[in-house]
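Participant: In our numbering, the protein residues as written are 1244 to 1495. No residue lacks a Cβ here, since even glycine has one placed at the ideal position from N, Cα and C. Have a look at this one before I ask anything.
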């Protein structure tokens, strides 16, 4: 599990000092991998005890476990100043390996037990990914309804039930309408699942369950940048394969 994922999962436990520690670590991940507990505490202007308490709030038993998580966690957005096709392909291999290591059982259970799945994508690319989610799970016999915007969500939310699932797809996890939608449905009993880029983000924190993907940023000529996001589709494929296996085991 990556440091951002641990922060999202335990966000409500964190104090101002904890956020200060996290902000330092996330900005200096490479250096922190080699630093001692005392060195990081000194850089964050907190005591060693406060740093160890921070680790425990993230469900880590020791500072050594935090170091282990950091060594497994590279930056969530792989940046490259050279348009090297071979390196881009190697990065995708690494991203796919990360996706394979996700724990899918709980998410598969949510989907399997959901009577109706509602899905919303925050932007054009995310709406396309939501449409792909809908397509593959319709083929497995699930009822999936895609919602276009806040108005459609508000129109449908009186139908939301505790056996339903609301899925939100967002690249950054900070889209204003996406956050507004999640706050609007908090009063319902519907279960929530976010699919976002690997980073500490508001949408992942609001949702009860989360899936994450890494992306790659390419910088070209004339200050043009392009973020490669095909990993979202890889995630959906691997999720669906895990779902089929989960379904098979539950029908034995």
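1) State the DSSP-derived secondary structure class of residue 1459, mapped to helix, strand or coil.
2) Between the segment 1362-1378 and the segment 1333-1350, can you find at least three pairs of beta-carbon atoms closer than 8 Å?
3) Tell me, which residues are paired with residue 1453 by DSSP?
4) Could you check how far apart the C-beta atoms of residue 1390 and residue 1420 are, in whole angstroms? I think they sit under 8 Å.
5) How many Å lie between residue 1458 and residue 1384 at the Cα?
6) In the structure shown, what three-state DSSP assignment does residue 1347 receive?
7) When burial is assigned at 16 or more other CB atoms within 10 Å of the CB, is residue 1487 buried or exposed?
8) Leaving out five residues before and five after residue 1405 in sequence, what residues of the same chain have Cβ atoms less than 8 Å from its Cβ?
9) Quick check on DSSP: helix, strand or coil for residue 1409?
10) What is the C-beta distance between residue 1414 and residue 1472, in whole angstroms, given that I count them as a contact (C-beta under 8 Å)?
11) With a threshold of 6 Å on Cβ separation, who are the neighbours of residue 1481 within its own chain once the five nearest residues in sequence on each side are excluded?
12) Using the three-state DSSP reduction, which class does residue 1374 fall into: helix, strand or coil?
13) Would residue 1297 pass as a contact of residue 1261 if the rule is Cβ separation under 8 Å?
14) Let me confirm a value: residue 1494 is counted as buried when at least 16 other C-beta atoms fall within 10 Å, else exposed. Which label applies?
15) Should residue 1357 be labelled buried (16 or more other beta-carbon atoms within 10 Å of its own) or exposed?
16) To the nearest angstrom, report how far apart residue 1321 and residue 1286 are at their CA atoms.
17) The ligand ADP heavy atoms versus the CB of residue 1458: any closer than 7 Å?
18) Distance check for residue 1355 and residue 1491, CA to CA, integer angstroms please.
19) Count the other C-beta atoms from every protein chain shown that fall within 10 angstroms of the C-beta of residue 1324, then say buried if there are 16 or more, exposed otherwise.
20) What is the residue span of the beta strand (DSSP E) that residue 1384 lies within?
21) Between residue 1438 and residue 1412, which are expected to be in contact by the criterion C-beta below 8 Å, what is the C-beta distance as a whole number of angstroms?
22) For residue 1399, name the three-state secondary structure that DSSP assigns.
23) What separation, rounded to the nearest whole angstrom, lies between the Cα atoms of residue 1290 and residue 1441?
Facilitator: So, from the listed chains and residues:
1) As a first step, residue 1459 is located in the chain shown; it is residue number 216 there, counting from the start. Reduced to three states, the DSSP call for residue 1459 is strand.
2) no
3) If you number the chain shown from 1, residue 1453 lands on position 210. DSSP output for residue 1453 lists 1437 as bridge partner(s).
4) Here the question's residue 1390 lines up with position 147 in the chain shown. Here the question's residue 1420 lines up with position 177 in the chain shown. In fact, because the Cβ distance is near 11 Å, the residues do not count as touching under 8 Å.
5) Start at 1 with the first residue of the chain shown, and residue 1458 comes out as number 215. Start at 1 with the first residue of the chain shown, and residue 1384 comes out as number 141. Their backbone Cα atoms lie some 30 Å apart in a straight line.
6) Here residue 1347 refers to the residue found at position 104 when the chain shown is read from its first residue. Correct three-state label for residue 1347: coil.
7) Position 244 of the chain shown, counted from the first residue, corresponds to residue 1487. Residue 1487 should be labelled exposed.
8) Locating residue 1405 in the chain shown gives position 162, where the first residue counts as 1. Once the five neighbours on either side are set aside, the close Cβ partners of residue 1405 are 1432, 1433 and 1434.
9) Stepping through the chain shown from its first residue, residue 1409 is reached at position 166. Residue 1409: strand per DSSP, three-state reduction.
10) As a first step, residue 1414 is located in the chain shown; it is residue number 171 there, counting from the start. As a first step, residue 1472 is located in the chain shown; it is residue number 229 there, counting from the start. That belief holds up - the Cβ atoms of residue 1414 and residue 1472 are roughly 7 Å apart, short of 8 Å.
11) For this step, residue 1481 is matched to residue 238 along the chain shown. 1342.
12) Along the chain shown, read from residue 1 onward, the residue named residue 1374 stands at position 131. Helix.
13) Within the chain shown, numbered from 1, the residue matching residue 1297 stands at position 54. Within the chain shown, numbered from 1, the residue matching residue 1261 stands at position 18. For residue 1297 and residue 1261, yes; Cβs fall inside 8 Å.
14) Locating residue 1494 in the chain shown gives position 251, where the first residue counts as 1. Its Cβ having fewer than 16 others within 10 Å, residue 1494 is exposed.
15) Here the question's residue 1357 lines up with position 114 in the chain shown. So residue 1357 ends up on the buried side.
16) As a position in the chain shown, residue 1321 is number 78, starting the count at 1. As a position in the chain shown, residue 1286 is number 43, starting the count at 1. Because the pLDDT of residue 1321 is 47, which lies under 50, any placement of that residue in the model is unreliable, and the question is left without a value.
17) In terms of ligand content, the structure shown is empty, and the ligand ADP therefore cannot be addressed.
18) Taking the first residue of the chain shown as 1, we reach residue 1491 at position 248. Taking the first residue of the chain shown as 1, we reach residue 1355 at position 112. Near 11 Å, if we compare the C-alpha coordinates of residue 1355 and residue 1491.
19) Sequence index remark: in the chain shown, residue 1324 carries index 81 (1-based). Low confidence applies here, because residue 1324 scores a pLDDT of 48, under 50, leaving its location unreliable and the question unanswered by this model.
20) Here residue 1384 refers to the residue found at position 141 when the chain shown is read from its first residue. Looking at the DSSP string, residue 1384 is not in any beta strand (DSSP E), and its letter there is neither H nor E.
21) Numbered from its first residue, the chain shown carries residue 1438 at position 195. Numbered from its first residue, the chain shown carries residue 1412 at position 169. Yes, they are in contact, since the Cβ atoms of residue 1438 and residue 1412 sit about 5 Å apart, within 8 Å.
22) As a first step, residue 1399 must be located in the chain shown, where it is residue number 156. Note: residue 1399 maps to helix in three-state DSSP.
23) By one-based count along the chain shown, residue 1290 stands at place 47. By one-based count along the chain shown, residue 1441 stands at place 198. Roughly 29 Å separates the two Cα atoms.
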